[in-house]
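First to last, the protein sequences are chains Y and P.
Per our numbering, the very first residue in the first sequence carries number -15; after that it's consecutive.
Per our numbering, the very first residue in the second sequence carries number -15; after that it's consecutive.
For glycine and all other residues, C-beta sits at the position ideal for the given N, C-alpha and C.
There are 2 protein chains.
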Amino acid sequence: MDSDYGVPRELSDLQKKRAEYHPEIPPCLQGTTVRVEFGDRTTTSDPSSDHVIRRLFPHTYGQPLAHFLRATAKVADAQIITEHPIVRVGVVFCGRQSPGGHNVVWGLYNAIKIHNTNSTLLGFVGGTEGLFAQKTLEITEDVVSTYKNQGGYDLLGRTKDQIRTSEQVNATLIACRSLRLDGLVIIGGVTSNTDAAHLAEIFAVAKSPTKVVGVPVTLNGDLKNQFVETSVGFDTISKVNSQLISNVCTDALSAEKYYYFIRLMGRKASHVALECTLQSHPNLVILGEEVAAYKLTIFDITKQICDAVQARAEQDKYHGVVLIPEGLVESIPELYALLQEINVLYKQGVSVDNISTQLSPWASALFEFLPPFIRRQLLLIPESDDSAQLSQIEMEKLLAQLVETEINKRMKEGTYKGKKFNAICHFFGYQARGSLPSKFDCDYGYVLGYICYHILAAGLNGYMATITNLKNPSNKWRCGAAPLTAMMTIKRWARGPGASSIGKPAIHPVTVDLKGKAYELWRQNAAKFLMDDIYRNPGPLQFDGAGCDAKTITLCVEDQDYMGRIKKLQEYLDKVKSFVKPGCSQDVLKAALSSMASVTDVLSVMTSPSFTGHTPM
Amino acid sequence: MDSDYGVPRELSDLQKKRAEYHPEIPPCLQGTTVRVEFGDRTTTSDPSSDHVIRRLFPHTYGQPLAHFLRATAKVADAQIITEHPIVRVGVVFCGRQSPGGHNVVWGLYNAIKIHNTNSTLLGFVGGTEGLFAQKTLEITEDVVSTYKNQGGYDLLGRTKDQIRTSEQVNATLIACRSLRLDGLVIIGGVTSNTDAAHLAEIFAVAKSPTKVVGVPVTLNGDLKNQFVETSVGFDTISKVNSQLISNVCTDALSAEKYYYFIRLMGRKASHVALECTLQSHPNLVILGEEVAAYKLTIFDITKQICDAVQARAEQDKYHGVVLIPEGLVESIPELYALLQEINVLYKQGVSVDNISTQLSPWASALFEFLPPFIRRQLLLIPESDDSAQLSQIEMEKLLAQLVETEINKRMKEGTYKGKKFNAICHFFGYQARGSLPSKFDCDYGYVLGYICYHILAAGLNGYMATITNLKNPSNKWRCGAAPLTAMMTIKRWARGPGASSIGKPAIHPVTVDLKGKAYELWRQNAAKFLMDDIYRNPGPLQFDGAGCDAKTITLCVEDQDYMGRIKKLQEYLDKVKSFVKPGCSQDVLKAALSSMASVTDVLSVMTSPSFTGHTPM
C-alpha cells in the first residue's frame, strides 16, 4: 500500500506531545554560515587492507575528515560556506527499521529548507525498491509533522536492504540522474553503508553530479568504529528491552520458582545483550563473542548454566534470568558448522526435505541429537547475506531443554539436590523496534540528518555523517563527516556468517570487544549478578522527568571521542612546530628530534601489518 | 532465599524518583475521625444462588455495604470512629504478582501507623506458605521504603495461591491466633478472595478475633463486579502490553511483509486483549468470549483470519497484527473437550506417554491432526485449578501455521492471488507483570490498603476493600467495603475450566461482557481496524507529562459507579418517605402507592430466578 506512506495520521496523546519536541542543534551548526575544517587524508584502521581499498576506491579513498565548526570559530584554513544554492536531495530508508530514523529525514529536511526554501527533499517510497522505480514523495512540513520523534519507518517504508547488483546500482544511477539529485542520503547499518561506499565510487567514476552520504542508523549497535561512537536506535532498543528484562527479573524474584531464558535481538553482535545486562543485572548472559573466543560448544554452555543453577540451588534459590543474544547459534562452533553445511546444500539446490539425509556423518549426528523444533528452524532458508534466520531459531528453548535434561540427570546421580528446574522462555524481538525513540535517539537522528545537508553543501561524496563526544550533552557534540572508505576493512577469514564478504572491502559489523570497558564492567560484576540477585529496574522509557536523559552504559563507559583526539594530536604537532621554529636553541631541537624519533619508532611498529597486538575496533 | 525479602535494595534513578511519589488519600479518608455509613443488607447478584450462599455462610452472608465518609459528612446514622486502639494486622500476597500490590501493603502500613503508632503490621514472608509456617517480617518505614510504587511482590514474595484445604485453613487459624492478629489482609484475585470469604466464615464460627479482609489485586482484570470496577494491576499490564503491541504495529507498517501473531496473558478472560485492542488498534483480535459464545472451531477461526488476510491482500497489504488471549485454547469447543479428556486421564494416573493412546476416537483424531509442538504443550500437567498451563500453549503458533497452510492451499486453488504469507509469533507474558506500576495502580493500591485499616477499625469481617467512581480523579473516589459473599455466585455448568468449582459458591472470574460498552466500542471500529491500519501508539508508560494520567478505556467507557447508584436509590426512597408523611393528601398517597406498585412489580419479575433476561455481570 504505497499510497499510505507519508499520510498524516491520528496520534495518541503521548505521540502528539512527542511530535512537539524539537531537538536542539549543537552550536557548530547554528546559523547559515558554516565552517568546514578538513583534517589529514584518511587511511583505514587495518593497515593490511589499505592497498586493496585504495586500489578499488581510487576516487573516494583517502579523503580527509571534515569537521563542522561554529561560524565564529577561528581556524585558518577552514572552508567557509555562506552561499546556499537550491539543492535537490533524495533520501531512502535502506536498513531495517530503527527508532530515530524518521528524525534523520526531519533533520535533513529542516537543514535543507533553512538554507534555501526553494530546495527539495524527495523521499523514496518503499525503500530501495522505490529508489529503483523512482517512486518519490516530496517531504513537506505537512508530510513530516506526524512522524517527528516517532518510531518505525512508516513515513516512507523499507523493503530490501540492498543496492549491490549491477542492475540495482544502474537503476540507482538512472534514478538520481532523471530526478536531477544533488545528493542521495542512505539511512542504514553496515550493509547499507557498505553499499553507499560502493555507490559513491561508482557515481564518481560515472561523473554523476549526485553525492552519496550514509547515516549510521541500526538498532543492533554493530556499526561502530573510530568515527562512529554508536548508531541511531541502539539507545532506544536497549532501554525498551532493559525495561522488559527488569520486569522479568522482578517477576522471578517475587515467585522464586522459574528460570527465565530470554533471547534478544541484535544479529551477529551481542551489544544489545551486554547493554541490557549492565542496565538490568540479570543473573547470566551468554555473549556470542565469548562463546566464539573460547570456542564453547553447546554442551559447555549447558554445563555453565547448570553449574550456575546448582550453585544457586545450594543457596536455596530456584529462580533466575538468563539472557541470550539471537546470534548465539552462529557463535557456537558445531552449530555454525552445521548451518554452513545446510547453507551449502541449499545452494546446490537440495530440497529442504532431503537436506538432513545429505549432511556429513558428524553434522548428521548433531542434527539428529537436536529436538525437532530446532531442526526445523535450522532448515529455514538462509537470509540474503547467507546468515541463518536468527530471529526464527529458538536457542532459548534449546538451552532451557538441555539444561532441564542435565539437571534431571544430576538429580538422579545425586549431585544436584535441589528442587525441580522450571524454565520459561521469551523472545524479545520485534516489540522494541517500533518504539517511540528515546530523547537521545531523537536528538542523534535529527542532528545527523542536519549534518547530511552540510556534507552535501561542502560538495563531499562517499561520506558518513558523524557526531562524537555523544556521551556529553548535545551542545557539546562534535559534528563532522568521515569517508566511508576509512571504515572499511577486509576479512580474510570469518567466524560467523557473512562468508560472502570475505576478501571484499566492507564496513563489517563490530562485535563486543572482549577487551573493552563495557565488557570489563560486566566481568567485574558477573559473580555478584549471578548469585546475589541485585536486579536493577530502569523502568519504562521516559520522556519527562527522572531517567529521560539517561544514555546507554556502553556509550558512557567507553571513552571514545576519536575525532576529538585526532584534533588534539594536530594541536600537539602544531605546538612542537611552534616551539621548534628555526632559530631555537640546539638543545631544544635535539630534544625534539630524540623524542619524535622515539614516537615515530613506536608508531611504525604498531602500524605495521604484522603487528599482532593490533585489534581493529 | 527467604532472608532476602524486604531487604532494602539499590534502585535505578527512575525507581528512586518513583519511590518519592506519594499517592493522595481521597478526602473521605483524611484525618483520623472516620464515619462509616452502613447500607442495607446485601444479597448476591444471582438470586438463584442466594439460598445456598446464605446457608453456607450463616455468619458472613447478608452483611451491609459500608461507605467511608468525610469526618464532616452529615449522615444521621453513621458510625463515628475516633478511638484507635493498638491493632496487630497480618498481610499476605496470595495471588499472582501484580503491579500495585506493594502499594496495598504501604497504604495499609501508613493507615495503621497514622491511627496508632504502637500498632503493628506483619508481612507473611513467602506468601501463603509463610502464613502457614508463621514466617513474618515486621513492616517498618525502612522495610517498605524501597518498595513504594514498585512492581513485583519481592517485598514479601508469594508461593501457592491457595488457602483452601482444612490443613491450610487450620494452619492459618493457628497462625492468626498465635500471632494475636486483629486482622488478616489477603491480597489477590478471584481465587484468593474466594478463599478469604470461606476463611472469614470459618473464623467467625471459630470465634476467632481475627477479621479477614480481601483486596482485589489481579492483572487479568477478571475480578470485577457490582462493587469492583477494576482490579489493581490491570491498568499497568494493559499499558505495558499496548506499548509493545503498538511497537509491533509500527514495525509491521514499516516493512509491510509480516503478519504478527501475538498471544497476551489474561487467563480465562480476554480483558487484557480487548483493552490493548482499544489502545493500539491492531488489525484483529480473537476474543475467547466471542469464540465461546458463537462456538467457533479452530477451523472457523483459521478461516476468519485467512479471509482477513485475503481481503487485505486484495488491497495490496501483506502485513498485519493479530491478538490472541492465552485463554483462547479453552474457549474453542473441540480443543477444550480434548483438554478435558487429557485432564481426566491424568487424574486416573495415566502417564504422559500413554495419554495419547487412550483418547476417544474423535479426540485422538484431533490430537493427531495437531502439530507436535502443540501436542506436547497440551499434555503438560494441568494447573492446580484444573485449567491447562495456558502460558505454555503456543496458540499463536498453531494459528499462524494453520493460516499459512490454508493460504497456500487457496493460492494453489487460485482463490488467493497475493504474495506469500509470512507470520512472526510473539508471546507477551511475563515481561509486563513485574513492571513499575502506573500512577493509577499506585494510587488505587495505596488507597485500597488504607481502606483495609478502616474496615478492621470498624470491626468488619469477610469484606473486600472497594473504591468506586475510579474513572474520575482520586479526590472524587468513593471508598467503601462490600461483603465478599455478595460477590459470590454458583455455576451449575461451565464452559471453560474451573469445573471443580461447579456447584460451590465462589467469586468467579468475569469474562468480557459481549453486551458491554468496551466490546461494543471495538465492534464499531473492528472493520476499520482490520482494513485501514489506523494503528495507535500510546507509547511507553509515563510517570510525568503527557499520558501519565491516562486510564484504561475499559474503565472509562463503562459507566459503573454501582456504589454511587445504590446511594442514589436510597436518596429516592428517603424522598418518597419525606413526601408521603402521615398527614399528606389522599391523592399524593394514592399516586405513591400506584407508582411504587408498578416499580415493585417490575423488580419482582426481574429478580426472579427464572428471569432469562438476567445477566449477572
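(request) List the whole-angstrom C-beta distance separating GLY523 of chain Y from GLN(-1) of chain P, where the pair is believed to meet the contact cut-off of C-beta under 8 Å. (result) 6 Å
(request) Take the Cβ of THR112 of chain Y as the centre, count every other Cβ of all protein chains shown within 10 Å, and call the residue buried at 16 or more, exposed below. (result) buried
(request) Determine, using beta carbons only, whether LEU115 of chain P and VAL73 of chain P come nearer to each other than 8 Å. (result) no
(message) To the nearest angstrom, how far is the alpha carbon of PHE77 of chain Y from that of TYR414 of chain Y?
(response) 18 Å
(request) Indicate whether at least one CB of chain Y lies closer than 8 Å to the CB of TYR137 of chain P. (result) yes
(request) From the DSSP output, read off the bridge partner residues of MET515 of chain P. (result) For MET515 of chain P, which the question treats as bridged, DSSP gives no partner whatsoever.
(request) Over the uninterrupted beta strand (DSSP E) stretch that includes ARG462 of chain Y, give me the two end residues. (result) 462 to 467
(message) Residues in the same chain with beta-carbon distance under 6 Å from ASP427 of chain P, minus the five sequence neighbours each way, listed in chain order, please.
(response) PRO7, SER458
(request) Kindly indicate the opening and closing residues of the beta strand (DSSP E) around CYS409 of chain Y. (result) 407 to 412
(request) Return the CA-CA distance between PRO489 of chain Y and ILE518 of chain P, expressed in angstroms with no decimal places. (result) 43 Å
(message) The beta strand (DSSP E) that contains TYR243 of chain Y, what's its start and end?
(response) 243 to 248
(message) Does LYS223 of chain P pass the burial test, meaning 16 or more other C-beta atoms within 10 Å, or should it be called exposed?
(response) buried
(message) 8 Å is my cut-off, CB to CB: does GLY482 of chain Y come that close to chain P?
(response) Confidence at GLY482 of chain Y is low in this model, with a pLDDT of 46, below 50, so the placement of that residue is unreliable and no value is reported for it.
(request) Kindly give me the distance between the Cβ atoms of GLY136 of chain Y and GLY79 of chain Y, rounded to whole angstroms, as I take these residues to be in contact under 8 Å. (result) Going by Cβ atoms, the distance from GLY136 of chain Y to GLY79 of chain Y rounds to 13 Å, so no, they are not a contact pair.
(request) Determine contact between the segment 27 to 36 of chain Y and the segment 466 to 473 of chain Y, defined as no fewer than three beta-carbon pairs at a distance below 8 Å. (result) yes
(request) Could you check the C-alpha separation between LEU383 of chain Y and THR286 of chain Y for me, to the nearest Å? (result) 7 Å
(request) Just the chain P side, please: which residues come within less than 9 Å of THR521 of chain Y by C-beta, in chain order? (result) Looking at the sequence itself, residue 521 of chain Y is Asn, so the reference to Thr does not match. Correct list: LEU(-5), SER(-4), LEU(-2), GLN(-1), GLN134, GLY135, GLY136, GLY418, SER419, LEU420.
(request) List the whole-angstrom C-beta distance separating VAL431 of chain Y from PRO11 of chain Y, where the pair is believed to meet the contact cut-off of C-beta under 8 Å. (result) In fact, because the Cβ distance is near 12 Å, the residues do not count as touching under 8 Å.
(message) Does LEU53 of chain Y come out as helix, strand or coil in the three-state DSSP assignment?
(response) strand
(request) Please report the residue range of the alpha helix (DSSP H) in which THR143 of chain P lies. (result) That residue, THR143 of chain P, is in no alpha helix (DSSP H); it is neither H nor E in DSSP.
(request) Kindly indicate which three-state DSSP category LEU362 of chain P falls into: helix, strand or coil? (result) helix
(message) Within 8 Å, do at least three Cβ pairs link the segment 271 to 286 of chain P to the segment 294 to 313 of chain P?
(response) yes
(message) Could you compute how far the alpha carbon of ASN177 of chain P sits from the alpha carbon of PHE108 of chain P?
(response) 17 Å
(request) Report the residues of the segment 231 to 258 of chain Y with a CB closer than 9 Å to any CB of chain P, ordered along the chain. (result) ASN231, VAL232, CYS233, THR234, ASP235, ALA236, LEU237, SER238, ALA239, GLU240, LYS241, TYR242, TYR244, ILE246
(request) Leaving out five residues on either side along the sequence, give the residues of the same chain with a beta carbon under 6 Å from the beta carbon of HIS68 of chain Y. (result) HIS99, ASN100
(request) Return the first residue and the last residue of the alpha helix (DSSP H) that ARG164 of chain P is part of. (result) Careful: ARG164 of chain P lies outside any alpha helix (DSSP H) and carries neither H nor E.
(request) Using a Cβ-Cβ cut-off of 8 Å, state whether ALA534 of chain Y counts as contacting chain P. (result) yes
(request) Flag PRO356 of chain P as yes if its beta-carbon sits less than 8 Å from any beta-carbon of chain Y, otherwise no. (result) yes
(request) Verify the CB distance criterion: does TYR414 of chain Y have a CB-CB separation below 8 Å to chain P? (result) yes
(request) Could you check what DSSP says for GLN63 of chain Y in three-state terms: helix, strand or coil? (result) strand
(request) Alpha carbon to alpha carbon, how far is GLY198 of chain Y from ALA510 of chain Y? Give it in angstroms, no decimals. (result) 37 Å
(message) Suppose you measure from the CA of PHE41 of chain P to the CA of CYS436 of chain P; what does that come to, to the nearest Å?
(response) 21 Å
(message) Per the DSSP calculation, VAL76 of chain P is bridged to which residue(s)?
(response) P:ILE170
(message) Distance cutoff 8 Å, beta carbons only. Does ARG507 of chain Y sit that close to anything in chain P?
(response) no
(message) Check for me: the beta strand (DSSP E) holding LEU106 of chain P runs from which residue to which?
(response) 104 to 108
(message) Strictly below 7 Å CB to CB, what residues from chain Y border LEU228 of chain P?
(response) GLN415
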